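Peer 1: Residue numbers (the working numbering), protein chains in the order written: chain L, 5 to 420; chain U, 5 to 420.
Every residue gets a Cβ at the ideal spot worked out from N, C-alpha and C, and that includes glycine.
None of the values given here were measured: they were computed from a predicted structure.
Protein chains: 2
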Amino acid sequence: MLYSKIFSKTSKTTASDADSVNARLLTQAGFIQKQMAGVYIFLPLGLRVLNKIENIIREEMEKLGACEVLMPTLTQEDSWQKTKRADLDILFHLKGRGEAKLVLNPTHEEVITPLMKNFVASYRDLPFSAFQFQNKFRNEPRAKSGLLRGREFLMKDLYSFHADEKNLDIFYEKAKKTYVNVYKRLGIGKQTFLTYASGGSFSKFSHEFQTICEAGEDTIYLCDKCKVAINQEIIDIQKTCPICNGSDLRQEKAAEAGNIFKLRTKFSEPFNLTYKTAEGKDNFVEMGCYGIGLSRAMGIIVELFHDDKGIIWPENVAPFQIHLMALGKEKNVAEEAQKIYQQMQKKGIEVLYDDRADVSAGEKFAVADLIGLPYRVVISEKTLAKKSVELKKRTQTKADLIPTQKIIKTLSSYEP
Amino acid sequence: MLYSKIFSKTSKTTASDADSVNARLLTQAGFIQKQMAGVYIFLPLGLRVLNKIENIIREEMEKLGACEVLMPTLTQEDSWQKTKRADLDILFHLKGRGEAKLVLNPTHEEVITPLMKNFVASYRDLPFSAFQFQNKFRNEPRAKSGLLRGREFLMKDLYSFHADEKNLDIFYEKAKKTYVNVYKRLGIGKQTFLTYASGGSFSKFSHEFQTICEAGEDTIYLCDKCKVAINQEIIDIQKTCPICNGSDLRQEKAAEAGNIFKLRTKFSEPFNLTYKTAEGKDNFVEMGCYGIGLSRAMGIIVELFHDDKGIIWPENVAPFQIHLMALGKEKNVAEEAQKIYQQMQKKGIEVLYDDRADVSAGEKFAVADLIGLPYRVVISEKTLAKKSVELKKRTQTKADLIPTQKIIKTLSSYEP
């Protein structure tokens with residue numbers, strides 16, 4: 005894609021109300037723009053990252069055997085009365101025609117549980133799982149930390165339905181592994197830990213995935229030996245590692261990158277979601293729910309991977325792999341760059357080509373560092389004289405000279 | 005995909021409150037489920053159709069040179085005060101923290117126009133265009149006709165920005181052609197006509213694309229010679245064909261499949277979106293907007309293409325191309341079907357395999373007709389004896405016997 009055609013503009017001035025590293029860098033680099041506190045516009049670069057994250061999660065959900073659906077934002081308040089959640093502090097309320105009381109869904113148990121009544125009749129219809137990518141709306145007291153705590157944000161939510169607790173447990177363990185894979189593929193696997201948290205009324209624990217990160221709102225106690233953590237909210241009732249029982253725990257700031265929860269029959273009871281057992285008995289369906297915030301994940305990635313010059317995207321979620329640029333105003337340099345750009349496109353290499361003619365080398369370098377694509381390819385009079393191009397990883401300081409005729413092959417072998 | 009694993013269930017009973025053919029058939033066939041009046045859940049089959057429509061539109065928008073963005077649902081009411089649209093009857097209002105007045109966007113001029121102030125400074129930044137796929141919220145007095153008039157619905161909206169009216173006109177004509185391509189690819193090109201409609205305060209006309217269809221809410225007057233129409237709303241001021249000036253017009257019921265509008269400076273003025281001309285003068289940016297409702301398009305397609313047995317999907321938007329089934333309980337039939345299913349998947353043929361063992365041939369046929377995939381492939385003892393399978397188009401009544409070893413090749417050549 006041509007940089008001159010993209011709806012994006014890097015900015016040297018700090019967004020005046022940027023409350024975090026991720027908001028500041030993503031705004032400066034032209035990925036997002038703030039609409040209001042906790043509500044962001046995704047510009048083309050930001051949307052590409054969001055789509056990369058979405059595709060990774062979708063692949064992992066499908067491997068888990070879950071079906072994709074799309075549930076609405078608007079829902080009758082009635083459904084939230086049924087589950088005694090209509091008074092939740094973060095719920096947005098509004099009125100429809102005829103003074104109908106509506107809410108904007110902050111999560112979708114109140115939609116999918118009654119929906120399943122149409123599809124689950126007998127034990128033969130179970131187990132079953134469905135997921136979606138859908139905006140969530142939460143009227144947070146304080147929206148803050150950029151994409152880390154939004155009032156409108158994109159989330160993947162997965163719901164599972166089972167005949168009994170044992171079957172729920174089996175799926176729950178599989179989902180845990182799926183989540184580990186997701187974080188690994190997003191590039192934050194090493195910093196993200198399964199964390200024991202409050203379980204609510206039906207289960208002893210729920211599980212979060214917490215990513216160690218200064219901007220995070222949570223505090224966790226990590227067992228380095230077992231690679232699991234305890235959320236501060238339950239440290240009084242769980243003082244030692246739940247795996248090894250050790251008390252050598254490291255306190256860290258962390259951001260919640262996802263959570264999974266055994267709902268058991270908390271929602272199937274109020275909605276009377278039952279199934280017939282093989283013996284003809286009516287049982288409540290056992291449920292689990294599993295969430296990952298996509299825009300939040302994007303924020304966490306930036307919090308983890310940046311330096312004083314800008315963002316450093318992991319390859320799997322980078323909006324493009326290559327930042328290509330031509331330096332100087334010589335016609336032959338621009339022609340060579342254009343040629344390489346077309347070759348890259350033909351090979352399916354994702355390339356952002358800074359095709360601006362009236363911009364200095366220094367500015368182009370600064371923009372490339374700020375946007376933070378994994379690889380930078382530079383063409384200039386100097387490199388042309390050596391029939392070469394300069395190739396530099398975003399994480400390296402020194403560039404390598406690569407013969408022009410080998411650059412496509414070299415880059416193709418780099419693709420994630 | 006296996007029919008037994010999909011989150012879908014056809015139903016012989018009519019949805020009690022289905023108000024239209026599209027709502028009835030899409031609900032019965034397991035594509036959608038009503039959440040409340042004008043608000044629908046998209047089940048896996050329905051979401052696949054929506055994604056097909058989205059991909060076709062995205063390809064055409066990118067050919068037009070537009071950038072994809074994603075704007076939010078929540079917006080400050082202030083922005084709507086600025087354009088004097090805060091009192092629009094269909095606007096959903098709600099309160100945020102600190103009694104902040106918010107609205108749910110029914111369209112996004114109030115978001116993209118102030119956004120562009122960050123990106124447009126000089127005539128060099130123009131022309132520019134951006135599009136998105138985003139849910140719209142409209143508190144319609146009466147939500148009706150299934151997916152044709154929703155309160156929450158998925159829409160593609162495109163906005164264009166120009167230095168002068170002439171440049172807007174050029175883009176507007178290109179967008180018209182793009183829209184014609186979109187409807188052709190969706191399979192409704194022959195029934196969809198460019199229609200002159202009310203232009204508002206800045207232009208003589210706006211343009212709609214109206215699809216002739218009994219369930220439609222509009223009345224149009226069609227010139228068969230020029231293939232353009234006039235919306236009834238302006239028939240008093242435009243009594244003859246705007247192209248040939250002829251008065252031989254045919255009255256038809258139609259559903260609006262899209263609209264395009266020269267906004268001129270209607271939004272750039274209140275938001276003070278200006279650019280510097282080459283001479284250093286400040287001019288208001290000229291704007292156009294271009295919308296297509298995706299869920300509505302899905303509803304229109306079903307209104308046009310169905311019979312008394314069910315839906316008949318055009319190939320480009322069908323959730324799968326092939327409905328595969330095995331008849332009878334013989335093991336070798338099921339094995340052969342499984343083999344063909346795997347071969348199809350390997351070849352990238354989109355196939356829905358009705359793998360249910362305990363269901364009669366009659367019921368499987370009825371489900372296939374109701375769901376309405378373009379091709380049906382049947383394997384039975386009878387066809388196996390002839391080393392063949394039965395292939396039938398949804399639009400045909402008679403099936404052809406195709407040698408089993410040729411079926412994959414035959415189907416591959418059918419792909420749209």
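1) Taking Cβ-Cβ distances below 7 angstroms as the criterion, which residues of the region 75 to 87 of chain L are in contact with chain U?
2) If the cut is a Cβ gap below 9 angstroms, which residues of chain U does methionine 40/L touch?
3) Does the distance from the C-beta atom of aspartate 93/U to that of glycine 295/U stay below 8 angstroms?
4) Run through DSSP, which three-state label would phenylalanine 369/U get?
5) Of the residues His97/U, Ile315/U, Tyr176/U, which one's Cα is nearest the Cα of alanine 104/L?
6) So which of Asp228/L, Ala41/L, Val289/L, Gly203/L has the shortest CA-CA distance to glutamine 144/L?
7) To the nearest angstrom, how far is it from the Cα of arginine 155/U to the Cα of valine 232/L?
8) Give the C-beta separation of phenylalanine 197/L and glycine 297/L to the nearest angstrom, bearing in mind that I take them to be a contact with Cβ-Cβ under 8 angstroms.
9) In whole angstroms, what separates the C-alpha of glycine 191/U from that of isoleucine 238/U?
10) If you draw a straight line from the alpha carbon of glycine 250/U to that of asparagine 59/U, how long is it in whole angstroms?
11) State yes or no: is the beta carbon of phenylalanine 46/L nearer than 8 angstroms to at least one beta carbon in chain U?
12) Restricting to Cα atoms, I'd like to know which of Leu405/L, Gly303/L, Ile375/L is closest to threonine 387/L.
13) Of all the residues that make up the region 344 to 361 of chain L, which are near chain U by a beta-carbon distance shorter than 9 angstroms?
14) Using CA atoms only, rank isn't needed, just tell me which of Ile383/U, Ala179/U, Leu47/U is closest to isoleucine 344/U.
15) Counting only runs that start and end within the region 198 to 280 of chain L, where is the beta strand (DSSP E) found for 3 or more residues in a row?
16) Count the other C-beta atoms from every protein chain shown that fall within 10 angstroms of the C-beta of leucine 6/L, then say buried if there are 16 or more, exposed otherwise.
17) What is the DSSP secondary structure of phenylalanine 309/U, counted as helix, strand or coil?
18) Spatial neighbours of tryptophan 84/L within its chain, please: C-beta separation below 8 angstroms, excluding the five flanking residues on both sides.
19) Closest to glutamate 354/L by CA distance: which of Met75/L, Glu66/L, Tyr379/L is it?
20) Look at methionine 329/L and alanine 372/L and say whether their C-beta atoms are less than 8 angstroms apart.
21) Within the same chain, show all residues whose beta-carbon is closer than 7 angstroms to that of leucine 2/L, passing over the 5 residues directly before and after it, in chain order.
22) Is there a Cβ of chain L sitting closer than 8 angstroms to that of arginine 155/U, yes or no?
23) Are the CB atoms of serine 126/U and lysine 285/U within a distance shorter than 8 angstroms?
24) Please report how far the alpha carbon of phenylalanine 324/U lies from the alpha carbon of alanine 389/L, in whole angstroms.
25) Flag this pair as touching only if the region 64 to 78 of chain L and the region 29 to 48 of chain U have three or more C-beta atom pairs under 8 angstroms; answer yes or no.
26) Just tell me which of Leu374/U, Ala370/U, Leu267/U has its CA closest to the CA of lysine 208/U.
27) Under the rule that 16 or more other beta-carbon atoms within 10 Å means buried, what is arginine 254/U, buried or exposed?
28) Opposite threonine 399/L in the DSSP bridges: which residues?
29) Along the region 207 to 228 of chain L, where does the CB come closer than 7 angstroms to a CB of chain U? Name the residues.
30) Indicate whether isoleucine 441/L and leucine 54/L have their beta-carbon atoms separated by less than 8 angstroms.
31) Going straight from the alpha carbon of tyrosine 200/U to that of aspartate 173/U, what length do you get?
32) What residue does the alpha helix (DSSP H) around aspartate 358/U start on, and which one ends it?
33) I'd like to know whether the C-beta of proline 274/U is nearer than 8 angstroms to at least one C-beta of chain L.
34) Between alanine 365/U and the rest of its own chain, which residues show a CB-CB distance below 7 angstroms, the 5 nearest in sequence each way excluded?
35) Checking the sheet assignment: what are the DSSP bridge partners for glutamine 80/U?
36) So with Cβ pairs under 8 angstroms, would you call phenylalanine 271/L a contact of chain U?
Peer 2: Checking against the coordinates, here is how it stands:
1) Met75, Pro76, Thr77, Leu78, Thr79, Gln80
2) Residue mapping note: residue 40/L aligns to position 36 of the first sequence, counting from 1. Going along chain U in sequence order, the residues near methionine 40/L (Cβ under 9 angstroms) are Pro76, Leu78, Thr79, Gln80, Gly100, Ala104, Leu106.
3) Here residue 93/U is taken as the residue at index 89 of the second sequence, counted from 1. Here residue 295/U is taken as the residue at index 291 of the second sequence, counted from 1. No, the Cβ-Cβ distance between aspartate 93/U and glycine 295/U is not below 8 angstroms.
4) In the second sequence, counting from the first residue as 1, residue 369/U sits at position 365. Helix.
5) Looking up residue 104/L in the first sequence gives position 100. Checked all of His97/U, Ile315/U, Tyr176/U; the closest Cα to alanine 104/L is His97/U.
6) Position 140 of the first sequence, counting from 1, holds the residue named residue 144/L. The displayed chain sequence assigns glutamate, not glutamine, to residue 144/L. Per the Cα distances, Ala41/L.
7) As a working mapping, residue 155/U is identified with position 151 in the second sequence. As a working mapping, residue 232/L is identified with position 228 in the first sequence. About 45 angstroms.
8) Along the first sequence, read from residue 1 onward, the residue named residue 197/L stands at position 193. Along the first sequence, read from residue 1 onward, the residue named residue 297/L stands at position 293. Wrong, their Cβ atoms sit about 17 angstroms apart, outside the cutoff.
9) Here the question's residue 191/U lines up with position 187 in the second sequence. Here the question's residue 238/U lines up with position 234 in the second sequence. Going from the Cα of glycine 191/U to the Cα of isoleucine 238/U covers about 28 angstroms.
10) Start at 1 with the first residue of the second sequence, and residue 250/U comes out as number 246. Start at 1 with the first residue of the second sequence, and residue 59/U comes out as number 55. Roughly 38 angstroms between the two C-alpha positions.
11) Here residue 46/L corresponds to residue number 42 of the first sequence, with the count starting at 1. It does: the Cβ of phenylalanine 46/L has a partner Cβ on chain U nearer than 8 angstroms.
12) In the first sequence, residue 387/L corresponds to position 383, counting from 1. It is Leu405/L whose Cα lies nearest to the Cα of threonine 387/L.
13) none
14) Mapped onto the second sequence, residue 344/U falls at position 340. Nearest to isoleucine 344/U by C-alpha distance, out of Ile383/U, Ala179/U, Leu47/U, is Ile383/U.
15) 209 to 216, 222 to 227, 232 to 235, 253 to 268, 278 to 280
16) Taking the first sequence and counting its residues from 1, one reaches residue 6/L at position 2. Counting Cβ neighbours within 10 Å, leucine 6/L comes out exposed, since fewer than 16 surround it.
17) Counting from one through the second sequence, the residue named residue 309/U turns up at place 305. Coil at phenylalanine 309/U, not helix or strand.
18) What you label residue 84/L is simply residue 80 of the first sequence in a count that begins at 1. Counting only Cβ-Cβ distances below 8 angstroms, and skipping sequence neighbours, we find Ala90, Leu92, Leu95, Val107, Glu114.
19) Along the first sequence, one-based indexing puts residue 354/L at 350. Among Met75/L, Glu66/L, Tyr379/L, the Cα nearest to that of glutamate 354/L is on Tyr379/L.
20) As a first step, residue 329/L is located in the first sequence; it is residue number 325 there, counting from the start. As a first step, residue 372/L is located in the first sequence; it is residue number 368 there, counting from the start. Contact: yes.
21) Here chain L has residues from 5 to 420 only, and residue 2/L is not among them.
22) Locating residue 155/U in the second sequence gives position 151, counting from the first residue. Arginine 155/U counts as touching chain L.
23) For the purposes of this step, residue 285/U is taken as the residue at position 281 of the second sequence. For the purposes of this step, residue 126/U is taken as the residue at position 122 of the second sequence. In this structure, lysine 285/U sits away from serine 126/U, with a CB-CB distance that is not shorter than 8 angstroms.
24) Along the second sequence, read from residue 1 onward, the residue named residue 324/U stands at position 320. Along the first sequence, read from residue 1 onward, the residue named residue 389/L stands at position 385. Cα-Cα distance, rounded: 54 angstroms.
25) yes
26) Start at 1 with the first residue of the second sequence, and residue 208/U comes out as number 204. When only C-alpha atoms are compared, the closest one is Leu267/U.
27) As a position in the second sequence, residue 254/U is number 250, starting the count at 1. The residue is exposed, with fewer than 16 neighbouring Cβ atoms inside 10 Å.
28) In the first sequence, counting from the first residue as 1, residue 399/L sits at position 395. Its beta-bridge partners do not exist; DSSP assigns none.
29) none
30) Nothing can be reported for residue 441/L: it is not among the residues displayed for chain L, which extend from 5 to 420.
31) Against the second sequence, residue 200/U aligns to sequence position 196. Against the second sequence, residue 173/U aligns to sequence position 169. Their backbone Cα atoms lie some 16 angstroms apart in a straight line.
32) Along the second sequence, one-based indexing puts residue 358/U at 354. First-last for aspartate 358/U: 355 to 358, but that is the beta strand (DSSP E), not the alpha helix (DSSP H).
33) Taking the second sequence and counting its residues from 1, the one referred to as residue 274/U is at position 270. Contacts with chain L at 8 angstroms (Cβ-Cβ) do not include proline 274/U.
34) As a first step, residue 365/U is located in the second sequence; it is residue number 361 there, counting from the start. Sequence-distant Cβ neighbours of alanine 365/U in its own chain, meaning closer than 7 angstroms and more than five residues away, are Leu331.
35) Start at 1 with the first residue of the second sequence, and residue 80/U comes out as number 76. Beta-bridge pairing links glutamine 80/U to Leu106/U.
36) As a first step, residue 271/L must be located in the first sequence, where it is residue number 267. No, phenylalanine 271/L lies away from the interface with chain U (no Cβ there is under 8 angstroms from its Cβ).
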